[in-house]
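Down below is the structure, laid out as structure tokens.
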Amino acid sequence: MKNILELSLKTISGREFLQSSIEIINKDAILLANRSTYKKNYFIGVKNNKNIERYFIKKLCNEEEFIWHTIDSGSDRGRALDVKLKNPITGNLMTGSSSGTAINVLYGINDLGIGTDGGGSIIYPAMSLNLYSLMGKGMGLYGKYSKESTDGINFIPGIGFISHKFEIIEKAIKKLGYDLDSKSDINIRIATLNINQIENKELLKKIKLNFDKREINIEETLSDGRYELIKSLENIFKNKDIIITYEKDIELSGLGDSVFGSLGEKSRENQKISNKKLGKVANMMNLTAITIPDVRLASGIIILAREGIEYGVEAIKIASKLSGEYLPKLYYRYFKNSYLESKNEMIFDL
Numbered sequence: 121m122k123n124i125l126e127l128s129l130k131t132i133s134g135r136e137f138l139q140s141s142i143e144i145i146n147k148d149a150i151l152l153a154n155r156s157t158y159k160k161n162y163f164i165g166v167k168n169n170k171n172i173e174r175y176f177i178k179k180l181c182n183e184e185e186f187i188w189h190t191i192d193s194g195s196d197r198g199r200a201l202d203v204k205l206k207n208p209i210t211g212n213l214m215t216g217s218s219s220g221t222a223i224n225v226l227y228g229i230n231d232l233g234i235g236t237d238g239g240g241s242i243i244y245p246a247m248s249l250n251l252y253s254l255m256g257k258g259m260g261l262y263g264k265y266s267k268e269s270t271d272g273i274n275f276i277p278g279i280g281f282i283s284h285k286f287e288i289i290e291k292a293i294k295k296l297g298y299d300l301d302s303k304s305d306i307n308i309r310i311a312t313l314n315i316n317q318i319e320n321k322e323l324l325k326k327i328k329l330n331f332d333k334r335e336i337n338i339e340e341t342l343s344d345g346r347y348e349l350i351k352s353l354e355n356i357f358k359n360k361d362i363i364i365t366y367e368k369d370i371e372l373s374g375l376g377d378s379v380f381g382s383l384g385e386k387s388r389e390n391q392k393i394s395n396k397k398l399g400k401v402a403n404m405m406n407l408t409a410i411t412i413p414d415v416r417l418a419s420g421i422i423i424l425a426r427e428g429i430e431y432g433v434e435a436i437k438i439a440s441k442l443s444g445e446y447l448p449k450l451y452y453r454y455f456k457n458s459y460l461e462s463k464n465e466m467i468f469d470l
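For the sequence shown, the residue numbers in this note's numbering are 121 to 470.
Laid out in structure tokens, this is it:
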């Protein structure tokens, strides 16, 4: 039986988020799902950004397995925090700039979110909500309008995905024409950084069993500045193709926003303790970046792959082996399946 009831509940739930994380709901989404030949359909939300062009959405939705559901809000002019939205888990300001897209996935309104990333704008909203993400700049997924970062670096935003399940991201990548089943002839060289800090023992065990490489510890040389981070990564990529690293406690303390951090010494110190590191430069270095959530709040693995479709595909294969539903059942019940929860808000029974 088709999942029309479930999709209808997603739309009803989404109406509660209009004018906050959602700007527009597609009124024809349920009709499209009803006529689709697929047994299961997936709703997608799209960040309101001109770098995500219509042909990209049409290609993803042309067979109506994926159905456009919402246009999502983002932070003001691409800032790394969104002063209009709160993180639903912590109550802090939401990490930007694909902020609304991440929130709408968290609450199960959309199965897949499509966002843009300049300096971590897909990676960190996903990590702050313990979601999976893929930023595909290194695989050729990017916009066409150049921007300048707050620290003077010119870049074109990458395009990518956010979801509760990595397998849904894989489906989207396949819909766009990427072959994830091909066998690679290249010898992938992997570096792991700081992975022993992972709290999820099952996830850590998977990494050590599948990718038991000599760990390169460059933690002491990692600066908070983008130029220094780029130099550090360039040195690693001279001898490695993929980096598996770990970042934790994203914006649990401090605000990782350059505009905020430019206003004096105290704000700079506060920005540093936001704990954003390598995800800030992935797009600017034309990498593919994937996040896998840990059981620890706002923490997870970041997989970084050098530019090239073949390296991005190998990074996806690694993420597929490491993915799973690791978080507490309460997290999934409260957020991912929130549209199924009864909302008894009247003060009396009829």
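We put the beta carbon where it would ideally sit given N, CA and C, even for glycine.
Should residue i and residue j be called a contact, given that it needs their Cβ atoms to be closer than 7 Å?
i      : j      : result
Asn230 : His284 : no
Asn250 : Pro448 : no
Ile132 : Ala153 : no
Ile234 : Ile172 : yes
Asn74  : Glu143 : Nothing about residue 74 can be reported from this structure: the residues present for the chain run from 121 to 470 only.
Gly381 : Gln391 : yes
Ile164 : Leu261 : no
Ile436 : Leu300 : yes
Ala200 : Asp377 : yes
Ser241 : Ser266 : no
Ile310 : Phe286 : no
Glu184 : Ser141 : no
Ile350 : Val401 : yes
Ala409 : Met259 : no
Once the 5 residues before and after residue i are set aside, which same chain residues still bring their CB inside 6 Å of it?
i      : result
Lys257 : Gly278, Asn403 and Asn406
Tyr451 : none
Lys170 : none
Asn320 : Asp414, Val415 and Tyr446
Tyr431 : Asp361 and Ala425
Asp196 : none
Identify every residue that forms a DSSP beta bridge with residue i.
i      : result
Pro167 : At residue 167 the sequence reads Lys, which differs from the Pro that was named. Lys167 pairs with Asp192.
Glu367 : Gly420
Ala222 : Answer is none; Ala222 lacks a bridge partner.
Lys294 : DSSP, once it has assigned bridges, lists no residue as partnering Lys294.
Thr547 : Residue coverage of the chain in this structure runs from 121 to 470, which leaves residue 547 outside it and unanswerable.
Ser253 : Ile282 and Thr411
Glu268 : Asn274
Ile315 : The partner list for Ile315 (beta bridge, DSSP) is empty, contrary to what the question assumes.
Asp202 : Met214
Leu138 : Ile142
Which same chain residues end up closer than 7 Å to residue i when comparing Cβ atoms and leaving out the 5 residues on each side of it in sequence?
i      : result
Leu226 : Pro208, Leu249, Leu251 and Phe455
Ile191 : Glu143, Ile144, Val166 and Asn168
Ile273 : Arg346 and Met404
Which value, in whole angstroms, describes the spacing of the CA atoms of residue i and residue j?
i      : j      : result
Gly239 : Lys397 : 10 Å
Leu129 : Leu460 : 7 Å
Leu353 : Ala246 : 22 Å
Phe281 : Leu342 : 27 Å
Lys386 : Thr221 : 31 Å
Thr411 : Ala439 : 8 Å
Asn146 : Leu205 : 22 Å
Gly198 : Val379 : 11 Å
Leu375 : Ile393 : 8 Å
Ser373 : Leu138 : 29 Å
Leu324 : Gly444 : 12 Å
Ser302 : Ile429 : 12 Å
Measure the beta-carbon distance from residue i to residue j and round it to whole angstroms, keeping in mind my assumption that it falls under 8 Å.
i      : j      : result
Ile327 : Glu434 : So it is not a contact: roughly 15 Å between Cβ atoms.
Thr210 : Tyr244 : The pair is not a contact, with the Cβ atoms about 13 Å apart (cut-off 8 Å).
Thr365 : Ile308 : Actually they do not touch by this definition, with Cβ atoms about 16 Å apart.
Ala418 : Glu371 : 7 Å
Residues in its own chain within less than 8 Å of residue i by CB, not counting five upstream and five downstream?
i      : result
Gly345 : Asp271
Ile150 : Ile124, Leu127, Ser128 and Thr131
Asn457 : Gly228
Beta carbon of residue i: closer than 6 Å to some heavy atom of the ligand PLP?
i      : result
Val379 : Among the ligands in the structure shown, none appear at all, so the ligand PLP cannot be discussed.
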